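So the structure is just underneath, and the comments pick up after that.
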Amino acid sequence: MRKNTSIAIILAIIIALGMLTYFLNKPIVNNLDLGLDLSGGLHVVLEAQESAGQKVTADTIQKSVGILRTRVDKLGVSEPIIYPQGQKRVVVELAGVQDPEQAIDVIKNTAQLEFWDQNGKVLVTGKHLKDAKTTVNQGGEGAEVNIEFDKEGSRLFAEATQANIGKPISIVLDKKVVSAPTVNEAITGGSARITGNFTAKEAEDLAVLLRSGALPVSFKIMEKRTVGPTLGSDSLDKSVKAGLMGLIAILIFMLGYYRLPGLIADISMVLYSVLVLGTMALFGSVLTLPGIAAFALSIGMAVDANVIIYEHIKEELRTGKTIKASIESGFKRAFWTIFDANLTTLIAAVVLMYFGTGPIKGFAVTLSIGIVASMLVALTFTRYLLVLSADITKSHKLYGV
Amino acid sequence: MLFIEKRKYFYIFSTILILAGIISMFAQGFNLGIDFKGGAILRYKMDPSISAAEVRATVEDLKVVDEANIQKSGDEFFIRTTEVDQNQTNIITKGLQAKFKDVTYQSVESVGATMGSELTRNAVLSVLVALALMLVYITFRFEWAFGVAAVFALFHDVLIVVGLFSIFQWQIDSAFIAAILTIIGFSINDTIVIFDRVRENLRMKKKDELPTLLNKSIMQTMNRSVNTVLTCLFPLVTLYFFGGSTIKTFVLTMLIGFIFGAYSSICVASPVYYEIKQRG
Chain A
1 MRKNTSIAII
11 LAIIIALGML
21 TYFLNKPIVN
31 NLDLGLDLSG
41 GLHVVLEAQE
51 SAGQKVTADT
61 IQKSVGILRT
71 RVDKLGVSEP
81 IIYPQGQKRV
91 VVELAGVQDP
101 EQAIDVIKNT
111 AQLEFWDQNG
121 KVLVTGKHLK
131 DAKTTVNQGG
141 EGAEVNIEFD
151 KEGSRLFAEA
161 TQANIGKPIS
171 IVLDKKVVSA
181 PTVNEAITGG
191 SARITGNFTA
201 KEAEDLAVLL
211 RSGALPVSFK
221 IMEKRTVGPT
231 LGSDSLDKSV
241 KAGLMGLIAI
251 LIFMLGYYRL
261 PGLIADISMV
271 LYSVLVLGTM
281 ALFGSVLTLP
291 GIAAFALSIG
301 MAVDANVIIY
311 EHIKEELRTG
321 KTIKASIESG
331 FKRAFWTIFD
341 ANLTTLIAAV
351 VLMYFGTGPI
361 KGFAVTLSIG
371 IVASMLVALT
381 FTRYLLVLSA
391 DITKSHKLYG
401 V
Chain B
1 MLFIEKRKYF
11 YIFSTILILA
21 GIISMFAQGF
31 NLGIDFKGGA
41 ILRYKMDPSI
51 SAAEVRATVE
61 DLKVVDEANI
71 QKSGDEFFIR
81 TTEVDQNQTN
91 IITKGLQAKF
101 KDVTYQSVES
111 VGATMGSELT
121 RNAVLSVLVA
131 LALMLVYITF
141 RFEWAFGVAA
151 VFALFHDVLI
161 VVGLFSIFQW
171 QIDSAFIAAI
181 LTIIGFSIND
191 TIVIFDRVRE
201 NLRMKKKDEL
211 PTLLNKSIMQ
221 TMNRSVNTVL
231 TCLFPLVTLY
241 FFGGSTIKTF
251 VLTMLIGFIF
261 GAYSSICVAS
271 PVYYEIKQRG
């Protein structure tokens, strides 16, 4: 009677797990963000350049992150990742950018707009801008940017033009003169035009920069990676297939070597995979190639927990104990082995997570989640299934002894 | 098996490997990737019949970069060069497209030189921090002699892997660090499982002599050691042969690390523990 109940419960668990996997499959896949190495895109590390009288503070970096976000949003990139790194750096990650060249231009420019008089004295700056728009001249030849000053800016600009009638005023962007038109009369309306040899695209980018505001410091590109999506999806397909093959090899090996407990290990592995991928989807972790490798490896570690348990159980069986008693004492002895072994590995993974950046971090996060999940599954779920399965048979053969 | 009695042979084997690695490190150094020394890698897909030399000649004729090192793997071409900006990238892409048919630009990675030295510093720092923390944990859970023996075995693993990378001039990039740290994690895992058994056997009332006890412990955990290494090798081997080209080095490091990690747990960590116990 107990035998039938146990078989029924185990079958029910298999079916429930199968359905869980089936129904969670979609939400997990949809919620796992792919890293740049898989989806393609742009990864740029910028470093703020200190200059005389201009210290880089946490506040400057914070402000820059905000401004960069506005700019990137205006480029129409979905879900940009922009974050400060260390004291002076900002990391910008844009997935699936069509035109990385344009994106880099828009990101790295300080966009410090100034109006100078003949002697290089600053008259008005971009701080006083209210709006910037593009107008394409008729015939499509040349484009210009129309800017509108705020109240203060309008006053300053009116004074400046008043004082410089008949003389040129230079329009300067990031210390480079864009154009230097001669003032014919005082401009009091609070608007001005920037002409230069702009194409429509260049003018549009400039307008975006001016609208988003200037960065408080200038930045230098320290690191830049662009990955074409073809490379990414190619590697992804291959790696996922390879990972699956390795996984199936493990499942077959466990079943062949450990028989009934092997089957239980295989069921546990499925739960384990759902748990790890589900946790990653829940935390919004980014899946990268090293992350996939870490996942494949953490499966190896999860299997190791099972191997340790089964070897202990086999030993106990050989001393002549009943299956139930062997499972109990085998688990007791395996617990601290698994605990100590996994905790030392977890220490390494956490150090990696703390010190690592980019791909290394992704690797460490996945590995850490994997280690914790593997301990949980092995010490609760696998144990429960093993105790249940002890009712099914008294034959030691099914335990590979 | 007489692991402890035969330890001299393991010492000789490991010492030769490590010495060869150290000599190579001084003699020819490392093949550092752009993550460490700065520079750029451009990737293109082109007709596999085009030779690397043709590509080098074409790129050098463009005169935008000082040196170009071309690597070819099937239809994938990797151009390694100094740091490039977007403009230089475009010139190279257009130059290749003008010369050859069906050239697809895949990606560019460009890293400043200062980033590399920081990465090295971070890497060394994280290895040392990880080792120190593990030593503390093992001393706390076992005893210090186990901790020292385990960390010694880890140094052994790291030295061998790093040495092999110098000997064969395999490229070292940032994924290499992740691989090294994973090796440390797995090797310690292996060592702990054996030491755990030693600890258990030490607690028995009827104790064997230490060498016999250590040999027994190793044999008792041998099944597990072999099975675990096997199961961990399955995904690595399939990833190496069928996975994407971008993770090949990473997987290779892991493969080597696993094998030496398992070796050192059995043939280095336990003998070293024995040496400490014998002297202390």
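Chains as they are written, first to last, in our numbering: chain A, 1 to 401; chain B, 1 to 280.
All residues carry an ideal CB built from backbone N, CA and C; glycine is no exception.
Nothing here was measured: the structure is a model prediction, and the numbers come from that model.
Self-check item: Closest residue to L24 (chain A) among A:H312, A:L271, A:A305 (Cα-Cα distance)
Solution: Reading the first sequence from its first residue, position 24 is the one you call residue 24 (chain A). Nearest option by C-alpha distance: A:L271.
Exercise. Identify the contact partners of T58 (chain B) in chain A, using a Cβ-Cβ distance below 8 Å as the criterion.
Key: Locating residue 58 (chain B) in the second sequence gives position 58, where the first residue counts as 1. The premise fails here: T58 (chain B) is roughly 20 Å from chain A at the closest Cβ pair, so nothing lies under 8 Å.
Quiz prompt | Classification of E67 (chain B) by the beta-carbon crowding that lies within 10 angstroms, buried from 16 upward | solution = Translated into the one-based positions of the second sequence, residue 67 (chain B) becomes position 67. Exposed: under 16 other Cβ atoms inside 10 Å.
Quiz item: Residues of chain B with a CB under 8 Å from the CB of G246 (chain A): which are they?
Solution: The residue labelled residue 246 (chain A) in the question sits at position 246 within the first sequence. Ordered by position in chain B, the residues that pass the 8 Å Cβ test against G246 (chain A) are F234, P235, L236, V237, T238, L239.
Exercise. Spell out the partners DSSP gives L32 (chain B) in its beta bridges.
Key: Walking along the second sequence from the start, residue 32 (chain B) turns up at place 32. Bridge partners of L32 (chain B): B:I172.
Quiz prompt | Per DSSP, the bridge partner or partners of W144 (chain B) | solution = On the second sequence, position 144 is the one that residue 144 (chain B) refers to. Bridge partners of W144 (chain B): none, in fact.
Quiz item: Which of helix, strand or coil does DSSP assign to R203 (chain B)?
Solution: Your numbering for residue 203 (chain B) matches position 203 in the second sequence. R203 (chain B): coil per DSSP, three-state reduction.
Practice problem: Go ahead and label Y83 (chain A) buried or exposed: buried means 16 or more other beta carbons lie within 10 angstroms of its beta carbon, across all protein chains shown. | Solution: For this step, residue 83 (chain A) is matched to residue 83 along the first sequence. The residue is exposed, with fewer than 16 neighbouring Cβ atoms inside 10 Å.
Quiz item: Excluding five sequence neighbours on each side, which residues of the same chain lie with their C-beta closer than 7 Å to the C-beta of R197 (chain B)?
Solution: Taking the second sequence and counting its residues from 1, one reaches residue 197 (chain B) at position 197. Taken in chain order, the residues that qualify are S217, Q220, T221.
Quiz item: Which residue comes first and which comes last in the alpha helix (DSSP H) that contains L2 (chain B)?
Solution: To locate residue 2 (chain B), count along the second sequence from 1; it is residue 2. Neither: L2 (chain B) is in no alpha helix (DSSP H) and is coded neither H nor E.
Quiz item: Looking only at DSSP bridge pairs, what is W116 (chain A) linked to?
Solution: By one-based count along the first sequence, residue 116 (chain A) stands at place 116. The partner list for W116 (chain A) (beta bridge, DSSP) reads A:V122, A:S170.
Quiz item: In the segment 48-85 of chain B, which residue ranges form an unbroken beta strand (DSSP E) of at least 3 residues, counting only runs that do not cross its ends?
Solution: 68-73, 76-81
Quiz item: Can T182 (chain A) and E144 (chain A) be called in contact, C-beta distance under 8 Å?
Solution: In the first sequence, the residue the question calls residue 182 (chain A) occupies position 182. In the first sequence, the residue the question calls residue 144 (chain A) occupies position 144. No; because the gap between Cβ atoms is not below 8 Å, this pair is not in contact.
Self-check item: From A:K151, A:K176, A:T188, A:F149, residue whose alpha carbon lies closest to that of Q162 (chain A)
Solution: Reading the first sequence from its first residue, position 162 is the one you call residue 162 (chain A). Comparing Cα-Cα distances from Q162 (chain A) to each of A:K151, A:K176, A:T188, A:F149, the minimum goes to A:T188.
Quiz item: Any heavy atom of the ligand NAD closer than 7 Å to the Cβ of V377 (chain A)?
Solution: Within the structure as shown, the ligand NAD is missing, as the structure has no ligands at all.
Quiz item: Taking C-alpha atoms, which residue in B:I180, B:I16, B:R199 lies nearest to I259 (chain B)?
Solution: On the second sequence, residue 259 (chain B) is found 259 positions in, with the first residue counted as 1. Ranking the options by Cα distance to I259 (chain B), first place goes to B:I180.
Quiz item: In terms of residue numbering, what span does the alpha helix (DSSP H) encompassing V106 (chain A) cover?
Solution: Here residue 106 (chain A) corresponds to residue number 106 of the first sequence, with the count starting at 1. V106 (chain A) -> alpha helix (DSSP H) spans 100-108.
Self-check item: Beta-carbon proximity list for A200 (chain A), same chain, < 6 Å, skipping 5 on both sides
Solution: Stepping through the first sequence from its first residue, residue 200 (chain A) is reached at position 200. Taken in chain order, the residues that qualify are V136, A143.
Quiz item: Run through DSSP, which three-state label would L49 (chain A) get?
Solution: Numbered from 1 along the first sequence, position 49 holds the residue referred to as residue 49 (chain A). In the sequence as displayed, the identity of residue 49 (chain A) is Gln instead of Leu. Strand.
Quiz item: Would you say T319 (chain A) reaches chain B, if we count a Cβ-Cβ gap shorter than 8 Å as a contact?
Solution: For the purposes of this step, residue 319 (chain A) is taken as residue 319 along the first sequence, with counting starting at 1. Not one beta carbon of chain B lies nearer than 8 Å to the beta carbon of T319 (chain A).
Practice problem: Just confirm the distance between the C-beta atoms of D150 (chain A) and K130 (chain A), as a whole number of angstroms; I'd bet it's less than 8 Å. | Solution: Within the first sequence, the letter at position 150 stands for residue 150 (chain A). Within the first sequence, the letter at position 130 stands for residue 130 (chain A). About 5 Å separates the two Cβ atoms, so the contact holds.
Quiz item: Taking DSSP as the reference, what is the three-state secondary structure of L42 (chain B)?
Solution: As a working mapping, residue 42 (chain B) is identified with position 42 in the second sequence. Here L42 (chain B) sits in strand by DSSP.
Quiz prompt | Residues, ordered as in the chain, of the segment 45-57 of chain B that lie near chain A by beta-carbon distance below 7 Å | solution = none
Practice problem: Please look up how many angstroms separate the CB atoms of G39 (chain B) and L62 (chain B), rounded, as I've assumed it's under 8 Å. | Solution: As a working note, residue 39 (chain B) is residue 39 in the second sequence. As a working note, residue 62 (chain B) is residue 62 in the second sequence. So it is not a contact: roughly 17 Å between Cβ atoms.
Quiz item: If the cut is a Cβ gap below 9 Å, which residues of chain A does E109 (chain B) touch?
Solution: Taking the second sequence and counting its residues from 1, one reaches residue 109 (chain B) at position 109. Close partners of E109 (chain B) in chain A (Cβ separation under 9 Å): H43, E223, K224, R225, T226, V227.
Exercise. Below 8 Å on the Cβ atoms is my guess for T404 (chain A) versus F186 (chain B); work out the distance and round it to an integer in Å.
Key: This structure does not reach residue 404 (chain A), given that chain A is present from 1 up to 401, and the question cannot be answered.
Quiz prompt | Where the beta strand (DSSP E) through V178 (chain A) begins and ends | solution = In the first sequence, the residue the question calls residue 178 (chain A) occupies position 178. V178 (chain A) -> beta strand (DSSP E) spans 176-179.
Exercise. May I have the straight-line CA-CA distance separating K175 (chain A) from Q112 (chain A), to the nearest angstrom?
Key: Working through the first sequence from its first residue, we reach residue 175 (chain A) at position 175. Working through the first sequence from its first residue, we reach residue 112 (chain A) at position 112. Straight-line Cα distance between these residues: approximately 8 Å.
Quiz prompt | Which of helix, strand or coil DSSP assigns to A390 (chain A) | solution = On the first sequence, residue 390 (chain A) is found 390 positions in, with the first residue counted as 1. It is coil, neither helix nor strand.
Practice problem: For L173 (chain A), count neighbouring C-beta atoms within 10 Å of its own C-beta (all shown protein chains included) and say buried if the count is 16 or more, exposed if not. | Solution: In the first sequence, the residue the question calls residue 173 (chain A) occupies position 173. It counts as buried.
Exercise. Check the Cβ-Cβ distances between L214 (chain B) and every residue of chain A, and say whether any is below 8 Å.
Key: Here residue 214 (chain B) corresponds to residue number 214 of the second sequence, with the count starting at 1. By this cut-off, L214 (chain B) is not an interface position.
Exercise. Could you spell out where the beta strand (DSSP E) holding V227 (chain A) opens and where it closes?
Key: By 1-based counting over the first sequence, the position of residue 227 (chain A) is 227. It spans 218-227 - the beta strand (DSSP E) in which V227 (chain A) sits, taken as one unbroken run.
Self-check item: Check whether A348 (chain A) and M134 (chain B) have beta carbons under 8 Å apart
Solution: Taking the first sequence and counting its residues from 1, the one referred to as residue 348 (chain A) is at position 348. Taking the second sequence and counting its residues from 1, the one referred to as residue 134 (chain B) is at position 134. A Cβ-Cβ contact shorter than 8 Å links A348 (chain A) with M134 (chain B).
Quiz item: Which residue comes first and which comes last in the beta strand (DSSP E) that contains Y83 (chain A)?
Solution: By one-based count along the first sequence, residue 83 (chain A) stands at place 83. Run containing Y83 (chain A): 81-85, per the beta strand (DSSP E) assignment.
Quiz item: N164 (chain A) by DSSP, collapsed to three states: which one?
Solution: On the first sequence, residue 164 (chain A) is found 164 positions in, with the first residue counted as 1. Looking at N164 (chain A) - three-state DSSP - the assignment turns out to be coil, as it is neither helix nor strand.
Quiz item: Which chain A residues are close to F140 (chain B), counting only those with a beta carbon under 9 Å from its beta carbon?
Solution: As a first step, residue 140 (chain B) must be located in the second sequence, where it is residue number 140. By Cβ distance, chain A contributes nothing, its closest Cβ being about 10 Å from F140 (chain B), past 9 Å.
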